[in-house]
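Numbering (the numbering used here), first residue to last: 2 to 490. Here is the structure we will look at.
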């Protein structure tokens, strides 16, 4: 008699093998994703280490540049002490400074030459710097020899000192340029590293999400086999809810962060305006008064000396002093025109537009309708700075002959319009260049307007001139913030 067989057994075994294969495939995928995440993490760590090394190198270059500049200054100070006193003990700092400077120059040249990641301009700059320093040392040696001569030639020494100052200014300017170049590359590297970090986070997040998905899929398969599909669905729902909550929390945090950044930008601009006002006051009231007093004394001396070389020299000095006084006044007015604080926005704009027109040779038109002197302070200064930046751009790029500025009140808004008949430009291309850091004037004006709740519209195209319209609200965007800034001032 044949033994009866269980017919469902082959189907059960086949289903079990299929389930086992699915589970194995799932775990193989998890392992592969973990491997990719590990490789990405390893690459990120390597790039981070490279960035740290590069930052350390840049910091060392910046420090060495400052040390070399300090060495040159110490040498010059030591020699000046000897020139003034003719005492040998003042030459000790000079001689020691020469030894220290030689070592620091060699170290600076070494760290720049051996690092291929340095900007290509830096090796050329270091050659120029060494040449200037060598020239400076030769000049200082000449001063030393001249001071030891008998009799002492004071006029020749004064000429040497003038040349020494010019060389020192050139050395200082070149070192500042090299430091700026290092800082720019440092910022670029930091941005690159930041982007790489974001990419690594993105890859990690995607990998984790894929792993979570695969694990959930495996759990779902297991649950289906043991009749717990509902539990798996609940787990998926809870996971989704948690992710949604995290998204909402992060979105809220991002909005709050953007608001804090905007408030910080507003504070920084207010502090900048306060500092400009203080510097302009110091230039006008302190330095200007000192220069005026000096001018009066020179005039009194000139009136005593009727003729001769000294009288001619005093006359030339008076002319030069007049130019300096005019330049100081012009600088103070550019920083913060007193009319803006004393008479308000409309008179200040009238004066500034007329002044810029005379400088640039424009024909200017200005009109202000229904504008009083009681505008919100941040709106008034924002409007003035927009005009200042716009007219500066017109003078630099537009090649215009006629500029028209209109200021009027439309309801609860202050509307500023600036038009010129210049060669115009492509607005979108200009904004793109501004976003990449080539020219930030347009973005600066837009940000100023945005901080007070306003907006700027620019209409232009090549050969058709340019029209800029700024609409600013005549109410304080954030009274508490403005009050806080006034307390800071």
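Note that the Cβ used here is the ideal one computed from N, Cα and C, for glycine as well.
#1: Do you know offhand how far residue 367's Cα is from residue 471's?
#2: Straight-line CA distance for residue 379 to residue 325?
#3: With 16 other CB atoms within 10 Å as the buried threshold, where does residue 62 fall?
#4: If we ignore side chains and look at the alpha-carbon of each, how far apart do residue 243 and residue 202 end up?
#5: Which same chain residues, not among the five before or five after residue 144, have their C-beta less than 8 Å away from its C-beta?
#6: Taking C-alpha atoms, which residue in 424, 357, 391 and 97 lies nearest to residue 445?
#7: May I ask which residues mark the beginning and end of the beta strand (DSSP E) holding residue 457?
#8: Looking only at its chain, what residues have a beta carbon closer than 8 Å to the beta carbon of residue 67, apart from the 5 residues adjacent to it on each side?
#9: Rounded to a whole number of angstroms, what is the C-alpha to C-alpha distance between residue 405 and residue 442?
#10: Over the uninterrupted beta strand (DSSP E) stretch that includes residue 472, give me the two end residues.
#11: With C-beta atoms as the reference, is residue 410 less than 8 Å away from residue 371?
#12: Let me confirm a value: residue 395 is counted as buried when at least 16 other C-beta atoms fall within 10 Å, else exposed. Which label applies?
#13: Please report the distance separating the alpha-carbon of residue 403 from that of residue 466.
#14: Please classify residue 72 as buried or exposed, where buried requires at least 16 neighbouring CB atoms within 10 angstroms.
#15: Closest by CA to residue 30, which one among 318, 461, 347 and 219?
#16: Going straight from the alpha carbon of residue 321 to that of residue 167, what length do you get?
#17: Could you give the distance in angstroms between the alpha-carbon of residue 475 and the alpha-carbon of residue 373?
#18: Which whole-angstrom value describes the C-beta separation of residue 58 and residue 112, a residue pair presumed to lie in contact below a C-beta threshold of 8 Å?
#19: Let me make sure I understand the geometry here. Which of 102, 214, 191 and 419 has the alpha-carbon closest to that of residue 238?
#20: DSSP on residue 21, reduced to helix/strand/coil?
#21: Kindly indicate which residue of 141, 34, 189 and 425 has the alpha-carbon position closest to the one of residue 96.
#22: Would you mind working out which of 206, 19, 65 and 132 sits nearest residue 42, comparing C-alpha positions?
#23: By DSSP's criteria, residue 86 is part of a beta bridge. Which residues make up the other side?
#24: Over what stretch of residues does the beta strand (DSSP E) that includes residue 388 continue unbroken?
#25: Give the DSSP-derived three-state secondary structure of residue 58 in the structure shown.
#26: Rounded to whole angstroms, what's the CA-CA distance from residue 130 to residue 172? Just pull it up for me.
#27: By the three-class DSSP mapping on this structure, what secondary structure does residue 369 have?
#28: Assign residue 461 to buried or exposed, taking buried as 16 or more other Cβ atoms, counted over all protein chains shown, within 10 Å of its Cβ.
#29: Which of helix, strand or coil does DSSP assign to residue 105?
#30: If you count every other CB in all the chains shown that lies within 10 Å of the CB of residue 28, and 16 or more means buried, which is it?
#31: From residue 74 to residue 195, what distance separates their C-alpha atoms?
#32: Can you check which of these residues, 349, 400, 248 and 414, is closest to residue 388 by C-alpha distance?
#33: Tell me the residue span of the beta strand (DSSP E) that contains residue 419.
#34: So, are the CB atoms of residue 425 and residue 377 less than 8 Å apart?
#35: Using the Cα positions of residue 489 and residue 103, report the straight-line distance between them to the nearest angstrom.
#36: From this set, 247, 246, 454 and 385, which residue's C-alpha is nearest residue 413's C-alpha?
Looking at the atomic coordinates:
#1: 16 Å
#2: 32 Å
#3: buried
#4: 19 Å
#5: 80, 84, 158, 161, 162 and 165
#6: 391
#7: 456 to 461
#8: 176 and 180
#9: 20 Å
#10: 467 to 474
#11: yes
#12: buried
#13: 10 Å
#14: buried
#15: 219
#16: 19 Å
#17: 11 Å
#18: 7 Å
#19: 214
#20: helix
#21: 141
#22: 206
#23: Its beta-bridge partners do not exist; DSSP assigns none.
#24: Unbroken run through residue 388 is the alpha helix (DSSP H), 378 to 394; no beta strand (DSSP E).
#25: helix
#26: 7 Å
#27: strand
#28: buried
#29: helix
#30: exposed
#31: 38 Å
#32: 349
#33: 414 to 421
#34: no
#35: Low per-residue confidence applies at residue 489: pLDDT is 32, beneath 50, and the placement is therefore not dependable, though the value from the model is reported in the following sentence. When rounded, the distance between both Cα atoms is 48 Å.
#36: 454
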